[in-house]
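Adding 18 to a residue's 1-based position in the sequence shown gives its number in the numbering used here. All C-beta atoms, glycine included, are put in the ideal place defined by N, C-alpha and C. Here is the structure we will look at.
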Amino acid sequence: MDKFVIRGEKRCEENTNEGTHANKKSRCISNEGRRVLEEWKNQFAVNERDGQPFCLLCRKILGVCKTYNVKRHFDTTHATFDKKYPLGSQERAFQITSLEKNAIAEQNTMRASLKVSQAVTLATFKISWLLAKHGKPFSDGELVKNCFLETQCLFDDLSNKNEIIRRIKSLQLSNDTVTRRISEISENLTEQLKTKLTTASALSLAADESTDIGDVAQLCIWVRCVNSETFEVTEDLFALKSLHERTRGEDIHRALSEACEDMNIPASSVVSITTDGAPSMTGKHKGLVAEMRKISPDLLAFHCIVHQQALCSKLVDGYFVEVMDTVVKVVNFIRARPLMHRRFIALLDELDSAYGDLILHSEVRWLSRGKVLNRFLAVLPEIVHFLNDIGEGERFPVLRDNEWKTNVAFLADVTAHLNKLNLQLQGDGKHVDDLLGCVESFKMKLGLYIAQLKDSDLTHFPLLNDACDGVLDMQQRERFVKTVSQMQEKFISRFSDFEKIKYAGQFIREPFTFPVEKIKDLAATFGLPRRALEDELMDVQARGHSQTAQQSSSVAEMWRNISGQNLRLLSSKVLSIFGSTYICERTFSAMTRIKSRYRARLTDYNLQSQLHCAVTPFE
Numbered sequence: 019m020d021k022f023v024i025r026g027e028k029r030c031e032e033n034t035n036e037g038t039h040a041n042k043k044s045r046c047i048s049n050e051g052r053r054v055l056e057e058w059k060n061q062f063a064v065n066e067r068d069g070q071p072f073c074l075l076c077r078k079i080l081g082v083c084k085t086y087n088v089k090r091h092f093d094t095t096h097a098t099f100d101k102k103y104p105l106g107s108q109e110r111a112f113q114i115t116s117l118e119k120n121a122i123a124e125q126n127t128m129r130a131s132l133k134v135s136q137a138v139t140l141a142t143f144k145i146s147w148l149l150a151k152h153g154k155p156f157s158d159g160e161l162v163k164n165c166f167l168e169t170q171c172l173f174d175d176l177s178n179k180n181e182i183i184r185r186i187k188s189l190q191l192s193n194d195t196v197t198r199r200i201s202e203i204s205e206n207l208t209e210q211l212k213t214k215l216t217t218a219s220a221l222s223l224a225a226d227e228s229t230d231i232g233d234v235a236q237l238c239i240w241v242r243c244v245n246s247e248t249f250e251v252t253e254d255l256f257a258l259k260s261l262h263e264r265t266r267g268e269d270i271h272r273a274l275s276e277a278c279e280d281m282n283i284p285a286s287s288v289v290s291i292t293t294d295g296a297p298s299m300t301g302k303h304k305g306l307v308a309e310m311r312k313i314s315p316d317l318l319a320f321h322c323i324v325h326q327q328a329l330c331s332k333l334v335d336g337y338f339v340e341v342m343d344t345v346v347k348v349v350n351f352i353r354a355r356p357l358m359h360r361r362f363i364a365l366l367d368e369l370d371s372a373y374g375d376l377i378l379h380s381e382v383r384w385l386s387r388g389k390v391l392n393r394f395l396a397v398l399p400e401i402v403h404f405l406n407d408i409g410e411g412e413r414f415p416v417l418r419d420n421e422w423k424t425n426v427a428f429l430a431d432v433t434a435h436l437n438k439l440n441l442q443l444q445g446d447g448k449h450v451d452d453l454l455g456c457v458e459s460f461k462m463k464l465g466l467y468i469a470q471l472k473d474s475d476l477t478h479f480p481l482l483n484d485a486c487d488g489v490l491d492m493q494q495r496e497r498f499v500k501t502v503s504q505m506q507e508k509f510i511s512r513f514s515d516f517e518k519i520k521y522a523g524q525f526i527r528e529p530f531t532f533p534v535e536k537i538k539d540l541a542a543t544f545g546l547p548r549r550a551l552e553d554e555l556m557d558v559q560a561r562g563h564s565q566t567a568q569q570s571s572s573v574a575e576m577w578r579n580i581s582g583q584n585l586r587l588l589s590s591k592v593l594s595i596f597g598s599t600y601i602c603e604r605t606f607s608a609m610t611r612i613k614s615r616y617r618a619r620l621t622d623y624n625l626q627s628q629l630h631c632a633v634t635p636f637e
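This is the structure we're talking about:
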């Protein structure tokens, strides 16, 4: 490349066609490094603005930074300036200085106006973000603006009150504007997730399906990805797909494939998928898992631990099913009649009851049965008193039966233990090993409860102890032991799909003491080379990183200090697994709040955008 300088202007030439025109050269203007000369100010009334010549007389940016171009513009456009203000005169210098000051003032005014405009735009984005985060309608943007204006009395003692009010009025928060802002925020969140996925070494999915207020099936998919270098774990909404036609396994798989294509990741890179266990998800031949295994045979599939726990909690003993049905009938009898319901509430208030009403039972709600039974027992004396007052005392004679009360108390204690387990399994960011640990702990507790019931020890059944005064007859004790034993058998028989990763938790938490002979099971499960894993694990254990492990405040920090490419890849795959679809259920709760009966016509795209903003952990 030949270079030369003329009149302080740097120019270059480069070869742009190296084929048959090897000797033909063209100028590269963008690389010539031209600059505005100081003498142009007095000679041509030209100053510099953003690296380009700026005419102070007509406020025009000149195209090319060359003396010839500047002179031609001055001579053709401002020829009278030389006659009015001769070159070298004080009047010319004063006029150019004045023009320069005016130009700077105009520029500052424009910059200030632009700064205000940018601040207003940023404010609309922040308000739209909060509206989306709390599931509010897009039209509430105008309400926020009106709230600001109605509270302008807060600014009465401020000297710039008018400026504040003016800026508030300039906020653009119409329905359409808020809709666009939320859409743009959602697109930005998606781009952030794509960036995380490109650097992730392992990712897993959690999928669940539900129906919105418009009877449209919605497929919710969450992703958890792990970077094996930094061990940063990222969870976010992967996709929300509307299934307007059918919800067979092929349709769900097609929607999942489209989501993977949109996020630029191959479906074969998914380590595992956790579902709610529905036939459309887990069908042997046509389910989602079966369709995905056609592409990725090594895919791991799990049934949500929380859903399995709910199935284990179902009543199988016909006697206790009848007890629960009676409780529901009593509650519905009182609450289904408005006048009777109001009289019952008034009675509770008059008697200074600890509770003000009964709770309706809902079979689909995980914690409903325990809460209903607990409340029912707490106000049972008031219920009996109320039914006698209205002449319905003989409708439910079992309410006066002490044995029946004892059975209700036992059922309430058992469901209280199940509810406690369910709450332990809920929550964001929980690793599969933590959930399995809770289940194993509950299995041990069930064994303890059985042994104590056999000895008539009611330490862990406080309501039952109060109902029977600590004394159980033989028949009741045998029935209670049988019920808890059946529950224990169901817990033991379930969760078999997690058996293949039973050593994964120990490997993640204690790699320095993990038995090398057990690594072969994990290697086969996750499709990694067994020999390399065993060699790396023995190297790590031989180096003695136990002190580093003890000082680490988290599993991720510990693994950042462990070498071994295959070991780190295995740990990232294990960490990516979803133990439950709780996060999908939480997303459906947000969806119900957003797409309510008042917003039933919300489009799929706007629903997805607002829902993404409402549930994402990103900012």
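query = A220: buried (16+ other C-beta within 10 angstroms of its C-beta) or exposed?
reply = buried
task = For S627, I'd like the list of residues in its chain whose CB is within less than 7 Å of its CB, leaving aside the five on either flank, ordered along the chain.
result = I200, S201, S204
inquiry  = At the level of alpha carbons, what is the spacing between V134 and E603?
reply    = 42 Å
message = If contact is defined by three or more beta carbon pairs under 8 Å, each pair taking one atom from either stretch, is the stretch 306-322 in contact with the stretch 332-349?
response = no
inquiry  = For the stretch 250-262 against the stretch 226-242, do three or more pairs of beta-carbon atoms, one drawn from each stretch, fall closer than 8 Å, so that the two count as touching?
reply    = yes
ask   = Taking DSSP as the reference, what is the three-state secondary structure of D446?
value = coil
ask   = With a CB to CB cut of under 7 Å and the five nearest residues on each side skipped, what residues in its chain are close to H478?
value = Y467, Q470
ask   = How do the stretch 490-504 and the stretch 524-543 stand: do at least 3 beta-carbon pairs fall below 8 Å, yes or no?
value = no
key: Host beta strand (DSSP E) of L254 (start-end)   = First, the residue type needs correcting, since residue 254 is Asp and not Leu in the sequence shown. Element bounds for D254: 251-261.
inquiry  = Measuring alpha carbon to alpha carbon, tell me which residue in R184, A434, E209, F62 is nearest L167.
reply    = R184
inquiry  = Within the continuous beta strand (DSSP E) that includes V241, where are the two ends?
reply    = 235-244
ask   = Got a sec? Which residues, its chain only, sit under 6 Å from L329 by beta carbon, not counting five neighbours each side?
value = none
query = Counting along the chain, where does the beta strand (DSSP E) carrying F72 start and finish?
reply = 70-73
request  = Classify N41 as helix, strand or coil using the three-state DSSP reduction.
outcome  = Residue confidence for N41 is low, a pLDDT of 46 falling below 50, so the modelled location carries little weight; the figure read from the coordinates is stated next. In the structure shown, N41 sits in coil (DSSP, three-state: anything other than H, G, I, E or B).
ask   = Pick from R393, G336, I323, K332: whose alpha carbon is nearest that of V349?
value = R393
query = When burial is assigned at 16 or more other CB atoms within 10 Å of the CB, is N584 buried or exposed?
reply = buried
query = The alpha helix (DSSP H) spanning L223 covers which residue range?
reply = Run containing L223: none in the alpha helix (DSSP H); it sits in the beta strand (DSSP E), 220-229.
message = Can you look up K591 in the DSSP assignment and give me helix, strand or coil?
response = helix
request  = Assign P71 to one of two classes, buried (16 or more other C-beta atoms within 10 Å of its C-beta) or exposed (fewer than that).
outcome  = buried
ask   = If we call anything under 7 Å between Cβ atoms a contact, is F99 one with F62?
value = no
key: Proximity to Q500 [Cα-Cα], best of G445, Y337, L161, A364   = Position check: residue 500 holds Lys in this sequence, whereas Gln was assumed. Ranking G445, Y337, L161, A364 by Cα distance to K500 puts Y337 first.
request  = In angstroms with no decimal places, state the Cα-to-Cα distance between L441 and Y623.
outcome  = 33 Å
request  = Give me whichever residues DSSP pairs with E66 in a beta bridge.
outcome  = P71
task = Pull up the DSSP beta-bridge partners for I537, would you.
result = Note: I537 sits in no beta bridge, so no partner.
query = According to DSSP, which residues form a beta bridge with F320?
reply = T292
message = Please identify the residue among C456, R355, S290, L436 whose C-alpha is closest to the C-alpha of I408.
response = R355
task = Any chance you could list the alpha helix (DSSP H) runs of at least 4 consecutive residues sitting entirely within the stretch 434-498, in chain order?
result = 450-472, 480-486
Residue(s) in a DSSP beta bridge with K78 = C73
query = Just to confirm, are M299 and K212 a CB contact at a threshold of 7 Å?
reply = no
key: Residue burial classification, Q327 (beta-carbon count within 10 angstroms, cutoff 16)   = buried
query = C30 to W58, Cα distance in whole Å?
reply = Reliability of the predicted coordinates at C30 is poor, the pLDDT of 40 falling under 50, and no value is obtained from them.
query = Mind checking A372: buried by the 16 CB within 10 Å criterion, or exposed?
reply = exposed
ask   = Does the Cβ of V244 have 16 or more other Cβ atoms within 10 Å, making it buried, or fewer, making it exposed?
value = buried
key: Where N425 falls, given that 16 or more other Cβ within 10 Å makes a residue buried   = buried
key: Classification of G445 by the beta-carbon crowding that lies within 10 angstroms, buried from 16 upward   = exposed
ask   = With burial defined as no fewer than 16 other Cβ atoms inside 10 Å of the residue's Cβ, what is the status of P297: buried or exposed?
value = exposed
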